[in-house]
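Novice: To convert, take the position in the sequence shown, counting from 1, and add 3; that gives the numbering used here.
Please read through the structure below; I'll follow up with questions.
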Amino acid sequence: MDFSALNRTTIIKEMVSAEQDIIVIGGGITGAGIALDAASRGLKVVLVEKQDFASGTSSRSTKLVHGGLRYLKNYEFGLVRQVGRERAILHRNARHIVLPEKMLLPIIKGGSLNRFLTRTGLAIYDLLAGVKKRERKRMLNRQEVLKAEPLLREDILIGAGTYYEYKASDTRLTIGVLKKAFEYGALAANYLSAGSFVYEDGKVRGMKVTDLLNSDDYDITAKYVINATGPWVDEIRRKNDSLQGKRLHLTKGIHITIPFDRLPLKQPVYFDVNDGRMVFAIPRYDKIYIGTTDTDYEGNKEDPLTEECDVEYLLDAVNNMFPSARLVIEDVVASWAGLRPLIHRDGKSPSELSRKDEIFISDSGLISIAGGKLSGYRVMAEKAVDIVMKDHVRTTGKPFVKSITRDIPLSGADFVFPEDLRYLVEYADHKFDEAKQTGITPEEMKKLFYRYGTHIDRIIEKAYEYYNISKNTEASWIRAEVWYSMNHEMTTCPGDFFIRRTEMLQFFRERINGMLDIVCDEMACLLGWTEEEKNRRMKDFVREYEAAVSFKISNSK
Ligand code: FAD
C-alpha cells in the first residue's frame, strides 16, 4: 500500500483493526523519528497528527542541522561531541536533504566573540565534533573577510572565522523519516486528532481519535502511548491528568525571506545583534532568509504569526551589520513563525533556556518527550523507544532489540554510490539529462531532485506522461509533482503541498498565484472534489498565503 491521500481512510481503519504496540501522538520530526525507530525494531506503531505532518515547529525552524557550536559557550563538551557525530549520521542517511554549507562568523568590535575565542572555540569544535578535514575552521583577517563578504560593515569589523553548518529542509526531513517508517510497517495519518485517553486498570491503553476531514471517531488501542506533540506536550499531559513538575516554556522565533538581490550575500553569515543574540542570514534559491527571534509566547499554538515588531528586529539587525542593504518592511516577501517547546526554568530569559530534551513518564504510563532540536531527533527517538522496549522485554520475555536507525537511509536517499558530494551532483545532472526533453531547466530539475532524491524517477515519468499530451512544460511538472505528493506523501490540500511538501510559500511565494488553479484542479480530479469543495480548499489556502505577510497587511491598514 502507498503512503497516499487516497489510502488515508484505509490506513486509519487498519490502525483501529488490531491492538498496536505504540501510538505516537504528533507528526513532527520527533514523532516521525519515534515511528521509524519503533517500526524498524519490529514494533507495531501508529502515528496520529492533528494537522498536516510537520505543520508544527518542524516546518518553522532555521532549517539547519547543527554541529553543536553554541554548546561550547556553556562548556558542554560531551554534547558538542554527540551532536557533531549525529550530524554526520544525518547527512549520511539523507544526503540530498542534509548538506554542508560554509558559514561566515564575523568578529566585530564589542561582539560576543573575539579573535582568540573564535579561533580556540572553532578548533575545539572541529576536534570534538569530528569535523571532516575539508570542513574545518579557517580564520580570515579583515581584508580577507571583506573580499569574502563586501557588504559587511567595515568600521567594526576585525576579522572572521568560517565553519560548517549543514543546511536542511525541516519538512522534507520529517516527510522522509515518516515515509521510511511507513515502509517499515508504521501506520500514519494526518488530520487525525488524538482526543481523550482510554485507560485499563489505571494505565493508558489507547486513544480516542477523530478524523478531522470527515468528523469520524475511532478508538485505537495500544500498549504504550508516546506524546511527541512539541508545543502541545503539556496540553496532552493535562488530558492525562499528569501535568505536574516540569512544564513547557514556549518561545516564538520568526524568519523572513527577502529577494536575493536586496542582500546579495556570497555565503550564509551568522552575526551578532546589539542585544547579545546572534542571527543567521542564509542564501537559498533566489532568496535570503533571515532569523531568528526568541520571545516568550502565550498565544494560539496552531497559528503563531509574524508581527511587525519581530520583522523590525530582524531588519534592524541586518541593516546594522550590512548598512548598504537599507532593508525596509516592503522588501520582505514571506515569513514564518515557529514555537520552541523548551523546558521552563524560573528566572531564565528565552535565550538562556536549555534546548535539551527531557522525557516525563506519568503514573498511568504516558511517555511525553519535550524540548530538543531537529538535529537531535534520531537520538531522542532512540531514547523514547528504549523505554518502551525495556518494558516490552519485561512483560513479554522477548529479547531487547537495539535501535538500527543510524544505518537506515531515509526515503529517497537510497543512493548506491559513495558518500562524496561529487557523486550526488553527477547523479542530479544525470537526472536532468533524462528529463530535459520536457523543456525543464537545470535549476528547476535541481530543486526537484534535492526535494525528492531517488523518487525523482516517478516524477519524471509522470511529467513525460502529462507533457506528451499538453506540451506545456510548467504545467506538466507541477501536475506531476502534485500527483506524486498526493499518491506518495499523503498530501490532502493546497496548504500541504505549497507549505510542507515543497516550501514554495516560504521561498517562491510570488509563483504560487500562477500555479494555484493547476494544483487545485489536479487535487480535485484525484480526490473527487466538487467545484464547491475545491473553492473552499482554495480559500483556506489563500488565508495561509496571506498570513505569510500578515504583518504588512496590518501595517498598511
Ligand atoms: P512539532 O514539529 O511541533 O510537532 C508536534 C506535532 O504534534 C504538531 O504537528 C501538532 O499538530 C501535533 N499535535 C499536537 N496535538 C495533537 C493531538 N492532540 N493529536 C495529534 N497531533 C497533535 N532545531 C534545529 O535542529 N535546527 C534549527 O535550525 C532549528 N531552528 C529553529 C528555529 C525556530 C524559530 C524554532 C521555533 C525551532 C528551531 N529548532 C531548530 C528546533 C526544532 O525545530 C524543534 O525542536 C522541532 O521541530 C520540534 O519537533 P516536534 O516534532 O517535537 O514538534
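Glycine is no exception: its CB is placed at the ideal position from the N, C-alpha and C atoms.
With respect to the alpha helix (DSSP H) encompassing residue 473, which residues constitute its N-terminal and C-terminal limits?
Specialist: The residue given as residue 473 occupies position 470 in the sequence shown. Run containing residue 473: 459–473, per the alpha helix (DSSP H) assignment.
Novice: Note down the Cα distance separating residue 131 from residue 537, rounded to an integer number of angstroms.
Specialist: Here residue 131 is taken as the residue at index 128 of the sequence shown, counted from 1. Here residue 537 is taken as the residue at index 534 of the sequence shown, counted from 1. Taking the straight line from one Cα to the other gives about 54 angstroms.
Novice: At a cut-off of 7 angstroms, would you count residue 54 as near the ligand FAD, judging by its Cβ distance to the nearest heavy atom?
Specialist: Mapped onto the sequence shown, residue 54 falls at position 51. Yes, Cβ of residue 54 sits closer than 7 angstroms to a heavy atom of the ligand FAD.
Novice: On the three-state DSSP scale, how would you describe residue 336?
Specialist: Residue mapping note: residue 336 aligns to position 333 of the sequence shown, counting from 1. If DSSP states are grouped into helix, strand and coil, residue 336 belongs with coil.
Novice: Once the 5 residues before and after residue 23 are set aside, which same chain residues still bring their CB inside 6 angstroms of it?
Specialist: Within the sequence shown, the letter at position 20 stands for residue 23. Closer than 6 angstroms at the Cβ level, and outside the excluded window around residue 23, lie 47, 49 and 225.
Novice: Does the Cβ of residue 65 lie closer than 7 angstroms to at least one heavy atom of the ligand FAD?
Specialist: As a first step, residue 65 is located in the sequence shown; it is residue number 62 there, counting from the start. Because some heavy atom of the ligand FAD lies under 7 angstroms away, the Cβ of residue 65 counts as near it: yes.
Novice: Kindly examine the ligand FAD and report whether one of its heavy atoms sits closer than 7 angstroms to the Cβ of residue 90.
Specialist: As a position in the sequence shown, residue 90 is number 87, starting the count at 1. Answer for residue 90: no, Cβ out of range of the ligand FAD.
Novice: Is residue 277 buried or exposed, if buried means 16 or more other CB atoms sit within 10 Å of its CB?
Specialist: Within the sequence shown, numbered from 1, the residue matching residue 277 stands at position 274. The residue is exposed, with fewer than 16 neighbouring Cβ atoms inside 10 Å.
Novice: First and last residue of the beta strand (DSSP E) that includes residue 104?
Specialist: To locate residue 104, count along the sequence shown from 1; it is residue 101. 102–111 is the span of the beta strand (DSSP E), which, as asked, contains residue 104.
Novice: Work out the CA separation of residue 489 and residue 10 for me, nearest whole Å.
Specialist: Locating residue 10 in the sequence shown gives position 7, counting from the first residue. Locating residue 489 in the sequence shown gives position 486, counting from the first residue. Taking the straight line from one Cα to the other gives about 10 angstroms.
Novice: So, at 8 angstroms on beta carbons, what are the nonlocal neighbours of residue 8 in its own chain, with the 5 sequence-adjacent residues on each side left out?
Specialist: In the sequence shown, counting from the first residue as 1, residue 8 sits at position 5. Excluding sequence neighbours, residue 8 sits near 489, 490, 493, 494, 495, 529 and 530.
Novice: Going by beta carbon distance, what residues of the same chain come within less than 6 angstroms of residue 384, once the five residues before and after it are set aside?
Specialist: For the purposes of this step, residue 384 is identified with residue 381 of the sequence shown, where counting begins at 1. For residue 384, where only same-chain residues beyond five positions count, the Cβ hits under 6 angstroms are 36, 37 and 40.
Novice: If you run the structure through DSSP and keep just helix, strand and coil, what is residue 560?
Specialist: Along the sequence shown, read from residue 1 onward, the residue named residue 560 stands at position 557. Since pLDDT at residue 560 reaches only 45, below the 50 mark, its modelled position is unreliable, and the value read off the structure follows with that caveat. Correct three-state label for residue 560: coil.
Novice: Could you tell me how far apart the beta carbons of residue 108 and residue 171 are, in whole angstroms, since I believe they sit closer than 8 angstroms?
Specialist: By one-based count along the sequence shown, residue 108 stands at place 105. By one-based count along the sequence shown, residue 171 stands at place 168. With 8 angstroms as the limit, residue 108 and residue 171 do not qualify as a contact, their Cβ atoms being about 19 angstroms apart.
Novice: Going by the beta-carbon positions, is the gap between residue 364 and residue 387 smaller than 8 angstroms?
Specialist: For the purposes of this step, residue 364 is identified with residue 361 of the sequence shown, where counting begins at 1. For the purposes of this step, residue 387 is identified with residue 384 of the sequence shown, where counting begins at 1. Result no, Cβ atoms of residue 364 and residue 387 do not sit closer than 8 angstroms.
Novice: Does the beta carbon of residue 158 sit closer than 8 angstroms to a beta carbon anywhere in chain C?
Specialist: Considering every chain present, this structure includes no chain C. It has just one protein chain.
Novice: Would you call residue 312 buried or exposed, if buried means 16 or more other Cβ atoms sit within 10 Å of its Cβ?
Specialist: Translated into positions along the sequence shown, residue 312 becomes position 309. By the neighbour-count rule (16 or more Cβ atoms within 10 Å), residue 312 is not buried but exposed.
Novice: Measuring CA to CA, which of 141, 379, 290 and 254 is closest to residue 301?
Specialist: Numbered from 1 along the sequence shown, position 298 holds the residue referred to as residue 301. That would be 254, whose Cα lies nearest to the Cα of residue 301.
Novice: Is the distance from the Cβ of residue 133 to the Cβ of residue 75 below 8 angstroms?
Specialist: The count along the sequence shown starts at 1 and reaches residue 133 at position 130. The count along the sequence shown starts at 1 and reaches residue 75 at position 72. Contact: no.
Novice: Check for me: the beta strand (DSSP E) holding residue 286 runs from which residue to which?
Specialist: On the sequence shown, position 283 is the one that residue 286 refers to. From DSSP, the beta strand (DSSP E) with residue 286 extends over 281–287.
Novice: Provide the residue span of the alpha helix (DSSP H) that contains residue 433, from first to last.
Specialist: As a first step, residue 433 must be located in the sequence shown, where it is residue number 430. It spans 424–438 - the alpha helix (DSSP H) in which residue 433 sits, taken as one unbroken run.
Novice: Can you name the residues that DSSP bridges to residue 144?
Specialist: Numbered from 1 along the sequence shown, position 141 holds the residue referred to as residue 144. Paired residue(s): 162.
Novice: Helix, strand or coil: which one does DSSP assign to residue 220?
Specialist: Position 217 of the sequence shown, counted from the first residue, corresponds to residue 220. Strand, per DSSP.
Novice: Between 195, 56, 230 and 147, which lies nearest to residue 182 when the distance is taken from Cα to Cα?
Specialist: As a working note, residue 182 is residue 179 in the sequence shown. Considering only alpha carbons, the answer is 56.
Novice: Evaluate residue 352 with the Cβ neighbour count: other Cβ atoms within 10 Å of its Cβ, from every protein chain shown; 16 or more gives buried, anything less gives exposed.
Specialist: In the sequence shown, the residue the question calls residue 352 occupies position 349. The residue is exposed, with fewer than 16 neighbouring Cβ atoms inside 10 Å.
Novice: Which residue or residues does DSSP assign as beta-bridge partners of residue 258?
Specialist: Looking up residue 258 in the sequence shown gives position 255. Bridge partners of residue 258: 294 and 339.
Novice: Taking the C-alpha atoms as reference points, what is the distance between residue 333 and residue 519?
Specialist: The residue labelled residue 333 in the question sits at position 330 within the sequence shown. The residue labelled residue 519 in the question sits at position 516 within the sequence shown. Looking at the two C-alpha atoms, the distance is approximately 24 angstroms.
Novice: Could you tell me which residues DSSP pairs with residue 252 in its beta bridges?
Specialist: Taking the sequence shown and counting its residues from 1, the one referred to as residue 252 is at position 249. In DSSP, residue 252 forms a bridge with 345.
Novice: Could you check whether the Cβ of residue 486 sits closer than 7 angstroms to any heavy atom belonging to the ligand FAD?
Specialist: Within the sequence shown, residue 486 is the residue found at index 483, counting from 1. Every heavy atom of the ligand FAD is 7 angstroms or more from the Cβ of residue 486, so no.
Novice: Taking 7 angstroms as the cut-off, does the CB of residue 69 come closer than this to any heavy atom belonging to the ligand FAD?
Specialist: As a first step, residue 69 must be located in the sequence shown, where it is residue number 66. Within the cutoff, so yes.
Novice: Quick one: residues in its chain with C-beta nearer than 7 angstroms to the C-beta of residue 560, no 5 flanking neighbours on either side, listed in chain order?
Specialist: Taking the first residue of the sequence shown as 1, we reach residue 560 at position 557. Any reading at residue 560 needs caution, since the residue's pLDDT is 45, under 50, leaving its predicted position unreliable; the model's value is listed next. Cβ neighbours of residue 560 beyond the five flanking positions: none.
Novice: Could you spell out the range, first to last residue, of the alpha helix (DSSP H) harbouring residue 488?
Specialist: Position 485 of the sequence shown, counting from 1, holds the residue named residue 488. Here the alpha helix (DSSP H) through residue 488 covers 476–491.
Novice: Beta-carbon within less than 7 angstroms of residue 328's beta-carbon, same chain only, minus the 5 sequence neighbours each way: which residues are those?
Specialist: Residue 328 sits at position 325 when you count from the first residue of the sequence shown. Here the set comprises 154, 265, 266, 321 and 322.
Novice: Which residues bound the beta strand (DSSP E) around residue 213?
Specialist: Position 210 of the sequence shown, counted from the first residue, corresponds to residue 213. Residues 206–214.
Novice: Consider the C-beta atom of residue 197 and the heavy atoms of the ligand FAD; say whether any pair is separated by less than 7 angstroms.
Specialist: Taking the sequence shown and counting its residues from 1, one reaches residue 197 at position 194. True, at least one ligand heavy atom lies under 7 angstroms from that Cβ.
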